[in-house]
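Heads up, the thing below is written out as structure tokens.
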Amino acid sequence: AQTVTQSQPEMSVQEAETVTLSCTYDTSESDYYLFWYKQPPSRQMILVIRQEAYKQQNATENRFSVNFQKAAKSFSLKISDSQLGDAAMYFCAYRSARSNYQLIWGAGTKLIIKP
Amino acid sequence: GAGVSQSPRYKVAKRGQDVALRCDPISGHVSLFWYQQALGQGPEFLTYFQNEAQLDKSGLPSDRFFAERPEGSVSTLKIQRTQQEDSAVYLCASSLAGAPNYGYTFGSGTRLTVV
């Protein structure tokens, strides 16, 4: 069975600086998808960035980028120029390419932005 | 609608009471998912619908949990004889199709507290 581990319960960063959130996963599959979701106090999960395992190039979305290390089964999220609105819970999630639905989630990292 | 709508936003139930949680997905979204998120944890998969067909209910924790989507649009998650361990946020998500590259859209969840 696949598992997702986020080892940092909480991270804090000064506004405008860069922070990296860690995620590791365990799977025997070669084809899968990885996601970072943001969950603000409103509780709605918002997709931040996604990565297809067959792509070697790391995904980037504006200030958000990932460092995908397939052999190490690592998928970290880098947030550049942190803004107050980035404060939230961040969840890493895995989805098999063979099953079309179920996301497997990490326990989350609480990101605090210091003004 | 523009997003996934869940109601009620908050529900307090006395132990032993039956509850019904509603999810109104984005119009035209074929796939619908229910997840349970306990406090301080990542979501856990409950069940998955493709149109009106419930293709996977392996995540439902007991036979007290029942979900339906009779016309392939609105879905209801019903919990009978609620217990304290059922206290959690129940998230609903929908997607245009089952393919992994289609993103999910999540609702803001229903926070269920069983007292």
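In order, the protein sequences belong to chains A and B.
With my numbering as the guide, the letters of the first sequence map in order to residues 26 to 140.
With my numbering as the guide, the letters of the second sequence map in order to residues 329 to 443.
Here a beta-carbon is modelled for each residue, glycine too, at the ideal position from N, C-alpha and C.
The region 106 to 113 of chain A makes contact with the region 34 to 47 of chain A, as at least three CB pairs between them are under 8 Å. Between B:V442 and the set B:P398, B:D346, B:I407 and B:V340, the nearest pair of CA atoms involves B:V340.
Assigned with DSSP and collapsed to three states, B:E413 falls in helix.
Contacts with chain A at 8 Å (Cβ-Cβ) do not include B:L405. Of the other Cβ atoms in all chains shown, 16 or more fall within 10 Å of the Cβ of B:T433; this residue is therefore buried. Residues of chain B with a Cβ closer than 8 Å to the Cβ of A:L46 do not exist, since the nearest Cβ in that chain sits about 13 Å away. Judged by DSSP in its simplified three-state form, A:D56 adopts coil rather than helix or strand.
For B:D346, the secondary structure class from DSSP, reduced to helix, strand or coil, is coil.
B:G437 has a beta carbon lying within less than 8 Å of a beta carbon in chain A.
In terms of beta-carbon proximity, B:L419 lines the interface with chain A, with at least one pair separated by less than 8 Å.
Approximately 16 Å separates the beta-carbon atoms of A:F116 and A:Y57; this is outside 8 Å, ruling out the contact. The beta carbons of B:D414 and B:L440 sit about 6 Å from each other, so the pair counts as a contact at 8 Å. For A:N92, the beta-bridge partners assigned by DSSP are A:S101. Assignment of A:L109 by DSSP, reduced to helix, strand and coil, places it in the helix class. In this chain, the beta strand (DSSP E) harbouring A:V38 covers E35 to Q39. Chain-order list of chain A residues neighbouring B:S422: empty, with the shortest C-beta distance near 11 Å, by a criterion of under 8 Å. If only uninterrupted beta strand (DSSP E) runs of at least 3 residues are considered, those enclosed by the region 356 to 389 of chain B are 359 to 365, 372 to 378 and 381 to 384. Sequence-distant Cβ neighbours of A:T49 in its own chain, meaning closer than 6 Å and more than five residues away, are T30, K98 and S99.
Burial state of B:R397 is buried, judged by a 10 Å Cβ sphere holding 16 or more other Cβ atoms.
Comparing alpha-carbon positions, the option among A:S67, A:P66, A:L72 and A:E42 lying closest to A:L128 turns out to be A:L72. With a threshold of 16 other beta carbon atoms within 10 Å, A:I104 meets it and is buried. A Cβ-Cβ contact shorter than 8 Å links B:S403 with B:L360.
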